[in-house]
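Residue 383, in this note's numbering, is where the sequence shown stops; the numbers in between run on with no holes. Here a beta-carbon is modelled for each residue, glycine too, at the ideal position from N, C-alpha and C.
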Amino acid sequence: MAPSQPELHDHLADKHFNAIAKVIESRVGIKLPQTKRTMVEGRLRKRVRALGLTGLRAYGAHLFERDGLDDELVHLIDCVTTNKTDFFREPSHFEFLRDVAVPQLTLRHGGRAPNLKVWSAASSTGAEAYTAAMVLQDLVATGKVGRFAILGTDISTEVLKEARSAIYPRAFVAPVPSPMQQRYLMRSKDPREDVVRVAPELRRQVNFERLNLMDESYPFDRDVDVIFCRNVLIYFDRPTQQAVLSRLAAHLRPGGYLMLGHSESMAGAGVDRLRSVAPTVYQAGAAVSGRSAA
Ligand SMILES: C[S@@+](CC[C@H](N)C(=O)[O-])C[C@H]1O[C@@H](n2cnc3c(N)ncnc32)[C@H](O)[C@@H]1O
């Protein structure tokens with residue numbers, strides 16, 4: 090077949106799909122059973138085009154027979170991760186942040202408005218981090234929070250680019266209450282562009298970095314007040330969930346909170362430091378011995 094001719098039956102060879110599934114499970118923690126094959130192949134077609142290959146068979150060969158895997162891994166990860174997110178997704182967590190977490194953390198700060206560190210640990214395109222920023226900025230305005238800093242992390246470089254740009258289609262920000270839209274979202278100057286951008290006042294307080302939750306340790310502060318790790322654990326097997334949860338727990342200050350997705354739970358995860366305080370919300374006790382909490 091001439092290199093420029095597209096393959097007639099454009100599918101990955103079985104051995105290449107299995108090899109991709111193995112790499113993704115070991116590096117990212119995500120299982121790719123045969124039932125995901127059509128989805129994976131669909132998403133990989135854009136990489137086939139970007140690399141100018143004839144099709145998915147050639148893509149598999151490029152990865153595993155021509156040493157292409159190392160350079161392609163970051164794109165492969167972008168293609169297989171599911172990045173669905175929303176502003177104010179699972180809103181009870183943001184009500185908990187405002188109505189319970191901040192008042193409790195204030196008590197721990199001797200009644201003074203606390204300076205808060207928040208981590209969105211599978212941030213996708215940033216909606217979760219910017220939602221927390223809107224809620225906290227409102228509390229700054231009323232003197233209930235001093236300052237705050239939010240870190241968003243994700244394994245996918247594509248979503249991090251979008252998160253840093255902080256530009257979203259207008260339809261996507263519909264869940265943001267109108268007063269907050271007015272305060273924190275800017276319309277494009279070009280009326281033909283149906284997008285908004287998060288205001289610089291919030292962007293200044295939110296940073297995004299790449300992090301693989303499968304890494305043995307996380308190079309971040311260990312005195313975080315609130316960690317959101319929502320809708321990512323479901324993709325991991327039980328031992329990986331346990332390992333991720335105990336690493337995250339070690340980054341919370343005593344009294345800090347961990348929020349999981351509504352279909353996720355710590356049940357059986359054996360992380361002694363965390364106790365359930367509301368549905369899918371956990372609070373850290375004393376720091377694990379031998380590790381500094383501040
Ligand atoms: C479904 S989104 C959830 C986004 C947000 N937390 C929410 O609940 O709306 C899951 C995110 O987890 C990221 N992810 C998957 N595996 C990961 C890993 N091993 N390390 C870090 N992020 C990962 C994906 O790239 C994706 O953006």
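- In terms of Cβ geometry, tyrosine 307 and alanine 255 do not form a close pair [threshold 9 Å].
- Following the DSSP letters along the chain, one finds asparagine 107 inside the alpha helix (DSSP H) bounded by residues 103-117.
- Here isoleucine 244 carries a coil assignment [DSSP, helix/strand/coil].
- Non-local beta-carbon contacts of proline 122 in its own chain, meaning distances under 8 Å to residues more than five positions away in sequence, involve Ala110 in chain order.
- For glutamate 161, the enclosing alpha helix (DSSP H) stretches over residues 158-169.
- Residue side-chain check: serine 212 places its Cβ nearer than 8 Å to a non-hydrogen atom of ligand 1.
- Nearest C-alpha to leucine 240 among Thr329, Pro280, Gln294: Gln294.
- Straight-line measurement puts the Cα of lysine 104 at about 14 Å from the Cα of isoleucine 113.
- Relative to ligand 1, alanine 216 has its C-beta within less than 8 Å of a heavy atom.
- Ligand 1 approaches phenylalanine 317 closely enough that one of its heavy atoms is under 8 Å from the residue's Cβ.
- Remark: the C-beta of methionine 303 is in contact range of ligand 1, defined as less than 8 Å to any heavy atom.
- For serine 209, the enclosing beta strand (DSSP E) starts and ends at 205-209.
- Contact check for leucine 205 and phenylalanine 237: beta-carbon distance about 4 Å, within the 8 Å limit, so the pair qualifies.
- By the beta-carbon neighbour count (other beta carbons within 10 angstroms, threshold 16), leucine 274 is buried.
- Per DSSP, the unbroken beta strand (DSSP E) holding glutamine 372 starts and ends at 370-373.
- Beta-carbon to beta-carbon, aspartate 314 and glycine 345 are separated by about 5 Å, close enough to satisfy the 8 Å threshold.
- Taken from the Cβ of isoleucine 119, at least one heavy atom of ligand 1 lies inside 8 Å.
- For glycine 131, the enclosing alpha helix (DSSP H) covers residues 126-140.
- Taking the C-beta atoms as reference points, valine 370 is found nearer than 9 Å to leucine 349.
- Under the DSSP definition of a beta bridge, phenylalanine 297 partners with Gly241.
- Leucine 225 and glutamate 298 have their alpha carbons spaced roughly 21 Å apart.
- In terms of CA proximity to arginine 342, Asp312 leads the group Gln330, Asp312, Pro192.
- For leucine 363, the closest of Ala338, His351, Glu353, Gly357 by C-alpha to C-alpha distance is Ala338.
- Residue pairing by DSSP places serine 354 in no beta bridge whatsoever.
- The C-beta distance from isoleucine 316 to histidine 351 rounds to 16 Å, too long to meet the 8 Å contact threshold.
- Rounded to whole angstroms, the separation of the alpha carbons of phenylalanine 106 and glycine 144 is 14 Å.
- Taking C-beta atoms under 8 Å as the contact rule, isoleucine 244 and isoleucine 166 qualify, at a distance of about 6 Å.
- The bridge partners DSSP lists for tyrosine 346 are Val315, Gln372.
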